[in-house]
Structure formats: C-alpha cells, structure tokens
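Each remark here refers to the structure printed beneath this line.
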Amino acid sequence: MKTAILYESWHHGNTKKLCDAIKKEYDVILLNVKEDDITLEEYDLIGIASGIAYSKFYKEIEQVAKEKMPEGKNVFLMYTCGKPGQDFAKSIKSTLASKKCNVLGTYCCKGYDTYGPLKLIGGINKENPTEDEIQGAVRFYSEMISKL
C-alpha cells in the first residue's frame with residue numbers, strides 16, 4: 001500500500017513533528033504543499049495534516065485538496081491547534097465529501113501557539129506536541145492502515 005501525507009506546518013512545525021514520527025516508523029511519502037509538486041493519483045492512502053488558522057486547516061492545504069485530490073481516495077486527517085475541542089476539520093471534510101473520498105479518521109492534539117494576541121504572553125502549549133501526543137499520531141496511523 002502506497003501512502004502520502006500532504007502537510008502544511010509553517011508556524012512552529014507542530015504538525016511536521018507528527019508527520020516525521022510517522023515517516024520514521026512507516027514507509028510514507030511526505031509532501032509539503034508549499035515546496036513539493038503535488039500529484040496524488042498513485043497513492044492508496046492519503047493523509048492531510050495541517051495546523052489550524054481561523055478555525056480550519058491552513059488555506060494552502062485546503063486549496064490543494066480542492067484542486068488536486070483525486071476522487072474516491074481513502075484519506076485520514078491530522079491537525080495541531082492551540083485549543084482542541086471543536087472539529088476544525090469540517091471545511092476540509094466537506095471538500096473531501098465532494099470528491100467522494102472516504103475519511104477513515106481524524107487525529108488532533110495541542111500545538112505550541114503564538115498566533116495573534118497569544119504572542120504577547122509568549123504563547124500557549126509551549127511543550128506541545130508532547131512525546132505522548134507524537135506517539136499518539138503514530139498509533140493513529142497504524143489504526144488507519146489496519147482499516148484497509
């Protein structure tokens with residue numbers, strides 16, 4: 001099974017830590033939406049991983065999903081955010097539904113956040129993602145591949 005994780009992690013690299021941990025344990029291809037040529041047809045499983053801005057996945061990764069996600073793919077979602085609690089994946093899930101993709105699951109954990117006024121106080125969640133949260137992403141990926 002061929003897997004790619006499409007990611008965007010520019011603020012503090014929180015989400016990239018999750019992707020790198022999965023790559024260390026499994027044979028996956030990491031595709032940075034800002035740096036790599038994105039072609040997804042050849043993959044059996046596609047992860048979409050992002051930080052959160054304005055209560056949804058980063059704008060560029062949302063755009064790439066709209067433009068380049070092939071129809072009918074198996075997909076999983078991962079994100080890091082300053083304050084988990086609500087479903088920040090709603091918008092991208094809607095895009096994936098329009099492409100008839102099968103979303104197998106979503107993983108979320110806290111990430112170091114200095115966005116906007118949080119910068120004035122030095123940010124929140126400085127220790128996140130923790131090693132447990134990073135390993136949680138690896139376990140999550142293992143669950144995703146076991147579904148196929």
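In terms of the UniProt record's numbering, the sequence shown opens at residue 1 and continues consecutively.
Even glycine gets a Cβ: it sits at the ideal position worked out from N, Cα and C.
Since we're looking at a predicted model, the values are computed, not measured.
>> I need the DSSP call for residue 124, collapsed to helix, strand or coil.
In response: On the sequence shown, residue 124 is found 124 positions in, with the first residue counted as 1. Note that residue 124 scores a pLDDT of 49, beneath 50, so its modelled location is shaky and nothing firm can be said.
>> Assess contact between the segment 51-60 and the segment 25-32, defined as three or more Cβ pairs (one per stretch) separated by less than 8 Å. Is contact present?
In response: no
> Could you give the uninterrupted runs of the alpha helix (DSSP H) lying entirely in the segment 51-138, keeping only those of 4 residues or more?
Replying inline: 59-68, 90-98
> Are the segment 12-27 and the segment 38-45 touching by the rule of at least three beta carbon pairs closer than 8 Å?
Replying inline: no
> Can you tell me whether DSSP reads residue 37 as helix, strand or coil?
Replying inline: Counted from its first residue, the sequence shown places residue 37 at position 37. In this structure, residue 37 counts as coil in the three-state DSSP scheme.
>> Can you check which of these residues, 148, 131, 69, 64, is closest to residue 105 by C-alpha distance?
In response: Residue mapping note: residue 105 aligns to position 105 of the sequence shown, counting from 1. Of 148, 131, 69, 64, the residue nearest in Cα terms is 148.
> Between which two residues does the alpha helix (DSSP H) harbouring residue 25 extend?
Replying inline: Counting from 1 along the sequence shown, the entry for residue 25 is found at position 25. It spans 14-25 - the alpha helix (DSSP H) in which residue 25 sits, taken as one unbroken run.
> Sorted by chain position, which residues of the same chain lie with C-beta nearer than 6 Å to residue 8's C-beta, five sequence neighbours on each side aside?
Replying inline: For the purposes of this step, residue 8 is taken as the residue at position 8 of the sequence shown. The residues are 33, 50, 58, 60, 61.
> Which one or two residues does DSSP pair with residue 5 in a beta bridge?
Replying inline: Within the sequence shown, the letter at position 5 stands for residue 5. Beta-bridge pairing links residue 5 to 30, 47.
> Does DSSP classify residue 42 as helix, strand or coil?
Replying inline: The count along the sequence shown starts at 1 and reaches residue 42 at position 42. Three-state result, residue 42: coil.
> Can you give the Cα-Cα distance for residue 90 and residue 48, rounded to whole angstroms?
Replying inline: Locating residue 90 in the sequence shown gives position 90, where the first residue counts as 1. Locating residue 48 in the sequence shown gives position 48, where the first residue counts as 1. Answer to the nearest angstrom: the Cα atoms are 13 Å apart.
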